[in-house]
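Taking it in order: structure first as structure tokens, then the write-up.
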Amino acid sequence: MKTIKVSVVTPDGPVYESDVEMVSTKAESGELGILPGHIPMVAPLQIGAVRLKTQGKTDIVAVSGGFVEVRPDKVSILAQSAEQADEIDVDRALRAKERAEKRLNDQKRESVDFKRAELALQRALNRINVSERQF
Ligand code: ATP
């Protein structure tokens, strides 16, 4: 089976590095599946899960937006934050979810804080889903 190198990198350093058979992720434009030999491209990512198929298993990384860059020999995912499924602190994500939900109930829809809370809620839900492998 053909493979391609993948790295998921954040400002704090690399989170995931491997040779994989397929990368699936959520670009702003929709689901994106990348196989070895994919044409070079750069695309913005949504807050979501990155699935990495490798040797009969699928690794999952939660990413908080960012970009995917596909080059002939490598896929690079550059994210503001990223965690592998088993590194996610679920209690922390649940607390973040509750905080964000409370803010959303208190704020006006058009305020800056409402948008911030909405993104915080998306990050928290994504972490919870990835840790439970549901997405
Ligand atoms: P919180 O309010 O809990 O800090 P957040 O969404 O504001 O959540 P981020 O700004 O996205 O957090 O991330 C800050 C750092 O904390 C990053 O390094 C990120 O990987 C890490 N992080 C955030 N939430 C979790 C979590 N539930 N489990 C593990 N690491 C986390």
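Quick note: the sequence shown uses UniProt numbering, first residue 1, plus one each step. For glycine and all other residues, C-beta sits at the position ideal for the given N, C-alpha and C.
Under the DSSP assignment, residue 123 falls outside any beta strand (DSSP E), being part of the alpha helix (DSSP H) whose first and last residues are 112-131. For residue 128, same chain residues with a beta-carbon under 6 Å away, outside a window of 5 residues either side, are 93 in chain order. A distance criterion of 6 Å places the beta-carbon of residue 89 in contact range of the ligand ATP, judged by its closest non-hydrogen atom.
Between residue 20 and residue 52, the beta carbon gap of about 5 Å places them in contact (Cβ cut-off 8 Å). Here residue 87 carries a helix assignment [DSSP, helix/strand/coil]. Taking 6 Å as the cut-off, the C-beta of residue 116 does not count as close to any heavy atom of the ligand ATP. The closest CA to that of residue 79, considering only 3, 7 and 1, is found on 7. 62 is the residue among 36, 40 and 62 whose C-alpha sits nearest the C-alpha of residue 124.
Here the distance from the Cβ of residue 93 to the nearest heavy atom of the ligand ATP is below 6 Å.
Three or more Cβ pairs drawn from the region 55-70 and the region 27-43 lie within less than 8 Å of each other, which places the two stretches in contact. Taking non-hydrogen atoms of the ligand ATP into account, the C-beta of residue 64 is found less than 6 Å away from one of them.
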